[in-house]
Each structure stands twice: as structure tokens, then as C-alpha cells.
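Heads up, the sequence shown is in my numbering, so the first residue is 878 and it goes up one at a time. Notes to accompany the following structure.
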Amino acid sequence: MKKTFHPRFFNRETSWLAFNQRVLDEGRDPQLPLLERLKFLAITASNLDEFFMVRVGGLKLLLAEKVRRCDLSGLTPRQQLGLVTRRIRQMVAEQYVLYRTLASELASQGFLVPETLDDLSAEQQSRVTREFDERVFPLLSPVALAGERAYRPSGLLLHCAVRLAPAQPGGDERFAVVPLGPLVPRFLHVPQASGAVCVPVEQVVARQAGRFFDGCKVLECAPFRVTRNADIELREDLSPDLLVGMQELLDDRRETACIRLEVQRSASRPLVSALAALLGVDRADIYPIDGPLELRALLPLTQSEGFDALRDDPWLPVPSPAVNLKESLFPQIAEHDILLIHPYESFAPVLKFLDDAAGDPEVLAIKQVLYRIAPDSAVVGALVRAAQAGKHVTVLIELKARFDEAHNIGQSRRLEQAGVQVIYGVRGLKTHAKVCLVVRRERQGLVRYVHFGTGNYNERTAAIYSDIGYFTCDPELGADVSDFFNAVTGYSQPQTLRRLGMAPFNLRTTLLHLIAGEMARAKNKEKALIMLKMNALTDEALIEALYAASQAGVKVRLNIRGICCLRPGVRGLSENIEVVSIVDRFLEHARVFSFLDGRRERLFISSADGMPRNLDKRVELMVPVLNEAARSRLQNILKTYFKDNVKAHMLLPDGTYRRCRPDRKTAPCRSQHAIFEDVQAAVCAHEQMKPTQFEPCRRARAAAGLDA
């Protein structure tokens, strides 16, 4: 079949791979410290694992079902799979070229990841062997691949495949597998006076393989890793109990088809053939790897002690000048709305908001949505304390958050045991909104205090994701949030929301209405401007509306971190649209929408991206920022992102990205650094404005015998 390409849209899958390429290019940047470059390399490998499990897995399912329907770009599933497979193989080759470059440069700085054990001294090898004997060998159990026993390697778990000589002359070679379970350390560390030596554990397993097979001759031992299809969804119509259904889904995911076999390039053809037969994979699904498997495992190494010079100077979050953590947050929010910029400003006010609610006797109820939460979540701890204190606590915890299902099931049980009313999501939809409502009894009656966010209630990711948080006790927003919780925890549907946009009810229509408003102003020769910052843009109707706005003369500026199916800069279609993507030390995660709207710009933060799943298949919120000080701050942040000419990439009409560079007339602007400096300056200014207070050193005087 002849390939056809729709000129109006880019392919979603290749657009995502282009994003991962931009992350990989950060690892190539020689101006970055070595361990920062290694971090970006590890991130690309982790990203690629998920891409295989979900996107490649989904394409393979479409092929198996003989679906020939084209995507927005005009490609069939078979064409897409061929296109992404070629691009992935090229990317993997580039990853390992970069790995070898970084490994060599790190070794010159005393940070060694040896290619083989022969790169170590005799003393170092002896230490590694002792470490292996004490920490690893007792955990390992080989599995023979013989007879009717069918061993199914776990997805993304490192294994070693072993080829054994025939038991008798003229017999067949035998094969076995040594699973390196989740408790096996990925690297064995050899202490030395200066520097560090991190030995991949599979090298030691290969050297010690004979110990697993007494009386057998080991011909070779090679590491391999399996990726299984994770693009399976819960059939909620067949599962009356969502909790039980999700547990069954996790079990099913362990048994799905293998869609990628990574194996060390040096592995012999007989060994690879045995693995392919075991896993039922075609040649197209085999990826020979010229280096250590599982590059994502390098990420913890980037935090190794003693190598601060090989990392960026830390940008530590600072306390927001708008919040006094020594006082209750409720009077502060009542005085004025508070906008927080994470991770530049600390996540502590969000945790304090919940702590205050748990301990305040005037707080009657807490309602919150949890999507992805930290392993030792302080958020969950505060909710547990609140329930134990007798407050009415309702938590909607989304069990369908992909790859966090098992963790969320465990946290939901902890909450239930504390007396929290737990809702396991909404049937047929994922609840992705980020909102917490606290109902407090005050002199004038019940007051609703609300926190909205663009990111999860997760103190770990709050330190590395760039997000917006917004505290308010605006009565209309509070009433809307009450209606929102009534809808997602009960059977009602919000009739008329006063200020919030909510998917899947009115968020799409609200966005289209706002775009249409800018079009009308442009046609009336008024100034019209749309600025959208989000993680992905794939929705056909939304893209077509932006095309129409461009043709009407509206200036459209898009900051899209990852996937973008919109084709900018095409004459007669999108010449008034520009698209930039920023890849820097923090993951850009905030969604901010701006519409000029004549005399008063309308500003929103949101949990939603511009994707059909966000607008039609998830429960999302779009929140207007009403307070003038908060609006001004959000405007400045959004404009700063569009000034970036250091870490920004411009999307060109042909689908490629060009790194933005300052010209002779423009000063360099790195948006994340600019925001960091602005936050630091605001903190300094706030400290300088504090009145000077004299504090007598009474204890010091008494100790010196000077007091009467």
C-alpha cells in the first residue's frame, strides 16, 4: 500500500519520539556536567520503556485485530509501526554511542562503570566477588528451559540466559535462565580511596555462572530483558468490583505478549534463537544491545556521593513569601489568593494546608482527589490523621493511574482502615483533576478553602516537576468544587458550573468558545492573542480551531513540551502559529491557558492537556485565576517561557525541531533559570522588608552573672 501523509497533522508516535530525542540531545550537550548528561540519557531509556509498553503495544494490538484505520497523519497502524521501529533502532544506537562517550569521560574523573571485569585490578575483582557472595548469590535461582515447564520472564526485569554443553556427547545443548529479581542490586560498588567503581551485576553473574550448574559446562552467559504489552484496560462493564478488577488487570499484565527482546549483542545465534522461541517473538522484535542493558538503571548512579563537581549546582526550593508556615494557612488564604510555582517554591504549603486541616478543630470535612502519590506520602498521612481526629474525609483515589495501580491499591486500603471514605475513581473515566477542598466552620458560617494544582499531590515529583498551585476561598469556585465532588463521588452531574471548566462536560466547549472569541476580535481588527502551555496537543477539533484562529489573524503561541500533532507555520493554514518545546533540568508539567479577551486577559491553570483522552475520557478541571496579584505573576511566568532562547526548541513546518539561540540583538534567556532567579529575588526582597527586631540575650547575661 502506498504511504500517504495528511498535510495538516503530524503523527503522534513520531512526535513523541522527537520529544525523547530532544531529551537525548540534552545528554549530548557538552556544556552540562557529566552526571547531568548521564541523567538525561537514563530518562530517555525510561521513557522508551513506557513508549514500548503502551504505544508500540497498542499498535501491535491494532495489527492483530487487522485494523487499517488511518490516524490524523494518514498512516495505518502497520505504517506507523514500521516508521517508529526504524526510528527507535536509530535512537537506541544513539543512546549507546552517548553512553560510551559518557562512560569514558566519567572514568577519567574517577567514576568507572567497567565494560568487563578484566578492567578491574585483581584486588577490585576480589572485592566484587565477596560482595556478590554476600549480597547477590543467595538470592538467585536458575530456571532450566526444558521439558514442559514454560518459564515466562517478567517484563523489564534483567535476566541472564545461559547456554550449557550437552549432557552426553552428541546430545543437544541445554538452556537456562537466571532471573535477577527486583531485590538484586543493579550495580555492585567497589570502595576505593578516590572515585567510585560501579560494576554491572550481570558481569559478575556471567563470571560465576558455573556455580549455578555443578557438573555442567557453561558455554556462554548473556543478559537479556523482556518488554511486555501494557496497553490493556480494565473492562469495567465486566468487573462490578473495581478494586478486584484492577488486581486482576495487574495479574494479566504480567502475562501479556512480549513485544521487545533486548539481548547483549555478543550473544550467540543459538542462544538468541532459544530466547526467541521461548518468548514467541519475531526477528523484528529483537534488539541487540552493544552495552549494559537497562540504561534507566543509571539514574541512581547520578546521585553518587563525592561527585558534586559533576552535577549542576542545586536549585533548592524556597519558602513562598506569600505564606507564613508558622501560622495557620486559613486566615492567609482568606486575606488573598496564593499562587505557588513549584519546584522553585516549596511544596510545604500544600502539606501544611492538609496538616492544618487535620489538626484544626473548626475544620469539619476534607475532600481530595489523588492520582499519583509518593511511596511514603505525607499527604496520605495527613488525611489519615484527619479521619482519626473525627473529621469527615473523602478521598477519590484513581486506581486506573497507569503503572501506579498497585501502589494506589495499597494506599486506598491504608486510608480505609483509618476511616476515610474512599471512592475508587469514576466508572468509565479516569479522574485526573488535582483538587483539595477543606470545609471550615467560621463566624460567618461554613467557608470552603480550595487548593487547585496542575501536578499531583506527590512531594517527590513536586521537587522535579514544574507545576502551578493555587489556594483560594472564592465562594463561587468553592461552590463549583462542591458540585464537582458531588458529581464524582455520587450519581449527580454538575448542571451549571459557575467558573470551572470540567471534562468531560464543558471543558472542550469552553476552550473552543474562548478560541472563537479571539477569532471574532481578530475579524473586528482588534488585538487577539492565544497562549497555551501544555504537555501534549493531539485533539483534532482543538487543532482545527487553532488553525481557524490563525487564518482569522489571531496570533497563537503554543508551548508544547512533548507530542504536538499541529503543523505550524504553513501559509494559508497556520502561519500565525508558533510552537516551542522546552527541555531543561525540571520536567515542564504545568498547563496554563491565556486568552487576551479584549480589555482583560483570561488566565487559567488546568490538569488537562489538549488530547482527546483529557477532554473526553478523563475528569479534569480548568481553573480561572482571579486574584490580580496571582494573575500578574502567572502572566509573567507564561511570557518568560516564550522568551526562552537557550533551552527552547522551535517546531518547524516539516516536523523537525530547531534549537533556539539568542541573536546579536537579544539577550540569552533560559526560562527555568529566569523563574528561579525571580523567586529567589522575591524571597530576598521579602526578607529585607521585615522589620528589625531586637531580642535581648537574657540567658547569656545571666550566665555571665550580669543580671541583678
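Where a beta carbon is used, it is the ideal one built from N, C-alpha and C, also for glycine.
Selected residue, minimal CA-CA separation from Lys1094, among Ala1044, Met1566, Ala1264 and Asp1049: Ala1044
Helix, strand or coil for Arg1438, going by three-state DSSP, please let me know. coil
Test item: CB-CB of Asp948 and Arg885 under 8 Å: no
Cβ-based burial, Asn897 [other Cβ within 10 Å; buried from 16]: buried
Alpha carbons only, please: which of Arg1188, Tyr1248, Val961 and Gln1565 is nearest the one belonging to Leu1176? Arg1188
Given a cut-off of 8 Å, decide if Phe1472 and Gly1394 are closer than it, judged by their beta-carbon atoms. yes
Same chain, Cβ closer than 6 Å to Leu1292, five either side skipped, listed in chain order: Val1272 and Val1299
Give the secondary structure of His1213 by DSSP, where H, G and I count as helix, E and B as strand, and everything else as coil. coil
Exposure of Val1074, with buried meaning 16 or more beta-carbon neighbours within 10 Å: buried
Starting from Gln967 and walking both ways along the beta strand (DSSP E), at which residues does that stretch end? Taken as a continuous stretch (DSSP letters only), Gln967 belongs to no beta strand (DSSP E), being part of the alpha helix (DSSP H) at Pro954 to Ser985.
Provide the residue(s) that pair with Leu1423 in DSSP beta bridges, ordered along the chain. DSSP output for Leu1423 lists no bridge partner at all.
Classify Asp1344: buried if its beta carbon has 16 or more other beta carbons within 10 angstroms, exposed otherwise. buried
From Ala895 to Gly1332, what does the alpha carbon distance come to, in whole angstroms? 24 Å
Which of helix, strand or coil does DSSP assign to Phe1382? coil
Take Phe1348 and list the residues in its own chain whose beta-carbon comes closer than 6 Å to its own, dropping the five residues that flank it on each side. Ile1210, Ile1215 and His1328
Hey, could you find the ends of the beta strand (DSSP E) Leu1314 is sitting in? Val1312 to Glu1319
Can you tell me which of the three DSSP states Gln1141 falls into? strand
Which runs of the beta strand (DSSP E) fall wholly inside the segment 1484-1545 and span at least 3 residues, in chain order? 1495-1501, 1525-1528 and 1534-1536
Once DSSP output is grouped into helix, strand and coil, what is the label at Gly904? helix
Would you mind giving the Cβ-Cβ distance between Val1358 and Ala1242, rounded to the nearest angstrom? I have them listed as a contact below 8 Å. Val1358 to Ala1242, Cβ: 12 Å. No contact.
Please report the straight-line C-alpha distance between Glu1417 and Ile1286, rounded to a whole angstrom. 35 Å
I'd like to know if Arg1320 contacts chain B, where contact means its C-beta is closer than 8 Å to some C-beta of that chain. Absence of chain B from the displayed structure is noted, only one protein chain being present.
Report buried or exposed for Arg1112, applying the criterion of at least 16 other Cβ atoms within 10 angstroms of its Cβ. Reliability fails at Arg1112, whose pLDDT of 45 lies under 50, so the model's placement of it is uncertain and the value that follows must be treated cautiously. Burial call: exposed.
Endpoints, beta strand (DSSP E) assigned at Gln1245: Val1240 to Leu1247
Which residues in the same chain have their Cβ closer than 8 Å to the Cβ of Leu1202, if we skip the five residues on either side of it in sequence? Pro1196, Ala1225, Pro1226 and Lys1229
Could you give the DSSP three-state label for Val1074: helix, strand or coil? strand
Where Gln1557 and His1550 are concerned, what is the direct C-alpha to C-alpha distance, given to the nearest angstrom? 10 Å
Assign Asn1401 to buried or exposed, taking buried as 16 or more other Cβ atoms, counted over all protein chains shown, within 10 Å of its Cβ. exposed
In three-state DSSP terms, what is Cys1037? strand
Based on the DSSP output, what are the partners of Ser1471 in its beta bridges? Met1408 and Leu1480
Does DSSP classify Leu915 as helix, strand or coil? helix
What do you reckon, are the CB atoms on Pro1062 and Val1081 nearer than 8 Å? no
Pull up the CB-CB distance for Gly1305 and Gln1265, whole angstroms please, since I reckon it's below 8 Å. With 8 Å as the limit, Gly1305 and Gln1265 do not qualify as a contact, their Cβ atoms being about 33 Å apart.
Counterpart residues of Glu1222 in DSSP-defined beta bridges: Val1195
What's the gap between the Cα of Ile1136 and the Cα of Val931? 10 Å
Comparing C-alpha positions only, which one of Val1270, Arg1477, Gly1072 and Asn1436 sits nearest to Ala1235? Val1270
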